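In mature numbering (1 follows the signal peptide of the UniProt record, and there is no 0), the protein residues as written are -39 to -1, 1 to 516.
Okay, here's the thing in structure tokens:
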């Protein structure tokens, strides 16, 4: 019989084996439990196949929509549609720090600010309408129009109020106030048929009609444009293996309705023939434009008026790559505006190149926007010397002539009382302006006159207009009584001498030579701001020496 000690050793060995088994099992369970718990826990679950417990709210970007119906050549109005989604609109209000809850019972107010761009006017109040769809309502239910007072419907009282704000550089503005018990998750629409302006009251080819709208107190705003579709250009006769291009031009931005339909815009086409070919590879083909030295391509300019498209006169081999570039427009812009960069599109998308396709004429569009030009002015003051001169209260006619940045000339005449200053109409920044007097306005019987000009205190006869700046021009006429022998002499028949920055006696200085004009350009030209390059400076300064005043024409 085993001793007590020996008998006790058997269960001890058994317990140690059992413990080791339990430890292994526990470790296995420990490895398995986190994965099981993660799969069972809905908060920590990352299973993409499982639907979310609460769908994400609609994006605030969907709160506001703006579009227009298609335009036809006989249309007299642009049919703008402003869409509102109440559920998304709640998010747009929340992003702006406003708590708004549409519940279909409480009457609430939504305020919109709308701007109609060039070529349009605000509709009459009765032509506006508020419609609803969704939220249990039938499609296109008319809730109210812009006439005074609210309209009672099955869903409550709704009203639409349109308050014109007035015109600005951007266009006609209005504040649109809609009131009613707007439902949650519903769609509403404001319809605004904006009459087109113009002599024929019909939609114009080449004009981009624009509108923008914003919700007050919410982060929601939209902009949209619409224009007449470009008519199909008549393609040039094409042989097999060739294709062509056509160009349609559009003007947009403020005052674009003031641009003549005959105004033309251009796109520069730089073409490269299919790899491995030259112009000689196409017998009988007449390369359009100017061929490069290697005869592997060329460059040409295609122009089209706003009134209709123009086609390339000729054709290009299929497979030719054409690079597109809109040069800065030199077309005349309305006063106070300048042309921005042109945007080139193909098939409605901005494009920098295209590939010629056999038997096809590819349509190119160029849209050029008007922008407000930076402006400045001249303040012209006349002083008379000596102080006791009998002419110290006289009025003088001072002429100014400005070469604009586009090379065109704008002139005017200011009547200035001695001792006072008169400000000119606004002139586009970058213009080079000169000031002069005719003999008929500065001569006085029995007296010789010396005229001195300064610009901002610096002797000068010309000035480059700087943005948002008034250049101060002082014209100083100093009179000296002639001796009796001079007074009886016949008046000079020489042409009038303009005033200059260095001072001169009447008729004492002839028109400047080209060298003198260059010297004035380099030494006498005053500037009222940062340096602005003006290619026509020499021509403008020539006006100082021999310009004849041009009668003021309408700015």
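We treat Cβ as the ideally placed atom computed from N, Cα and C, and that holds for glycine. These figures come from a predicted structure and were not determined experimentally.
Discussion item. Quick check on residue 158: buried or exposed, where buried means 16 or more other Cβ atoms within 10 Å of its Cβ?
Written reply: Residue mapping note: residue 158 aligns to position 197 of the chain shown, counting from 1. By the neighbour-count rule (16 or more Cβ atoms within 10 Å), residue 158 is not buried but exposed.
Discussion item. Let's test the definition: count the other Cβ atoms within 10 Å of the Cβ of residue 51 and tell me whether it reaches 16, buried, or not, exposed.
Written reply: Within the chain shown, the letter at position 90 stands for residue 51. Result: buried.
Worksheet entry | Same chain only: Cβ atoms within 8 Å of residue 89, ignoring 5 sequence neighbours per side | The residue labelled residue 89 in the question sits at position 128 within the chain shown. If we look at residue 89 and ignore the five residues flanking it on each side, its Cβ neighbours are 106, 107, 121, 123, 137, 151, 152 and 153.
Worksheet item: If residue 283 sits next to residue 305, beta carbons under 8 Å apart, how far is it from one beta carbon to the other, in whole angstroms?
Response: Residue 283 sits at position 322 when you count from the first residue of the chain shown. Residue 305 sits at position 344 when you count from the first residue of the chain shown. So it is not a contact: roughly 11 Å between Cβ atoms.
Practice prompt. Tell me the start and end of each unbroken alpha helix (DSSP H) in the region 31 to 98 that is at least 4 residues and wholly inside, in chain order.
Written response: 47 to 56
Worksheet item: Which residue's Cα is closest to the Cα of residue 408: 345, 296 and 161?
Response: The sequence position of residue 408 within the chain shown is 447, counting from 1. Considering only alpha carbons, the answer is 345.
Fill in: Same chain only: Cβ atoms within 7 Å of residue 23, ignoring 5 sequence neighbours per side
Your numbering for residue 23 matches position 62 in the chain shown. Correct list, in chain order: 46 and 49.
Discussion item. Given this structure, state the Cα-to-Cα distance separating residue 332 from residue 242, to the nearest angstrom.
Written reply: The count along the chain shown starts at 1 and reaches residue 332 at position 371. The count along the chain shown starts at 1 and reaches residue 242 at position 281. Going by the C-alpha atoms only, they are around 46 Å apart.
Item to complete: Please classify residue 402: does DSSP put it in a helix, a strand, or coil?
Response: Your numbering for residue 402 matches position 441 in the chain shown. Residue state, collapsed to three classes: helix.
Item to complete: Go to residue 356, then tell me how far its beta strand (DSSP E) extends in each direction, as first and last residue.
Response: On the chain shown, position 395 is the one that residue 356 refers to. Counting along the chain, the beta strand (DSSP E) containing residue 356 begins and ends at 356 to 364.
Worksheet entry | Local conformation of residue 218 per DSSP, three classes | What you label residue 218 is simply residue 257 of the chain shown in a count that begins at 1. Looking at residue 218 - three-state DSSP - the assignment turns out to be helix.
Worksheet item: Helix or strand or just coil, what does DSSP make of residue 23?
Response: For the purposes of this step, residue 23 is taken as residue 62 along the chain shown, with counting starting at 1. In the structure shown, residue 23 sits in a helix (DSSP, three-state: H, G or I).
Discussion item. Measuring straight from C-alpha to C-alpha, what distance separates residue 188 and residue 273?
Written reply: Counting from 1 along the chain shown, the entry for residue 188 is found at position 227. Counting from 1 along the chain shown, the entry for residue 273 is found at position 312. The alpha-carbon atoms of residue 188 and residue 273 are separated by roughly 23 Å.
Worksheet item: Does DSSP put residue 303 in a helix, a strand or coil?
Response: If you number the chain shown from 1, residue 303 lands on position 342. Reduced to three states, the DSSP call for residue 303 is strand.
Item to complete: Determine, using beta carbons only, whether residue 44 and residue 161 come nearer to each other than 8 Å.
Response: Walking along the chain shown from the start, residue 44 turns up at place 83. Walking along the chain shown from the start, residue 161 turns up at place 200. No, the pair does not count as a contact, with Cβ atoms beyond the cut-off.
Discussion item. Rounded to whole angstroms, what is the Cα-Cα separation between residue 517 and residue 431?
Written reply: Outside the modelled stretch of the chain, which goes from -39 to 516, sits residue 517, for which no answer is possible.
Fill in: 8 Å contact criterion, which residue 155 and residue 39 should meet: CB distance rounded
Start at 1 with the first residue of the chain shown, and residue 155 comes out as number 194. Start at 1 with the first residue of the chain shown, and residue 39 comes out as number 78. Residue 155 to residue 39, Cβ: 5 Å. Contact.
Worksheet item: With DSSP run on the structure shown, which of helix, strand or coil describes residue 240?
Response: Translated into the one-based positions of the chain shown, residue 240 becomes position 279. Of the three classes helix, strand and coil, the one that applies to residue 240 here is helix, per DSSP.
Practice prompt. May I ask you to list the residues that DSSP assigns as paired with residue 116?
Written response: Along the chain shown, one-based indexing puts residue 116 at 155. Looking at the DSSP assignment, residue 116 forms no beta bridge with any residue, so it has no partner.
Worksheet item: Should residue 418 go down as buried or exposed, given a rule of 16 or more other Cβ atoms within 10 Å for buried?
Response: Here residue 418 refers to the residue found at position 457 when the chain shown is read from its first residue. Exposed, because fewer than 16 other Cβ atoms sit within 10 Å of the Cβ of residue 418.
Fill in: Touch test, the region 333 to 342 against the region 381 to 390, Cβ-Cβ under 8 Å, three pairs minimum
yes
Discussion item. Please report the straight-line C-alpha distance between residue 435 and residue 275, rounded to a whole angstrom.
Written reply: Here residue 435 is taken as the residue at index 474 of the chain shown, counted from 1. Here residue 275 is taken as the residue at index 314 of the chain shown, counted from 1. Taking the straight line joining both Cα atoms gives about 59 Å.
Worksheet item: What are the start and end residues of each continuous alpha helix (DSSP H) run of 4 or more residues lying completely inside the region 378 to 433, in chain order?
Response: 400 to 403
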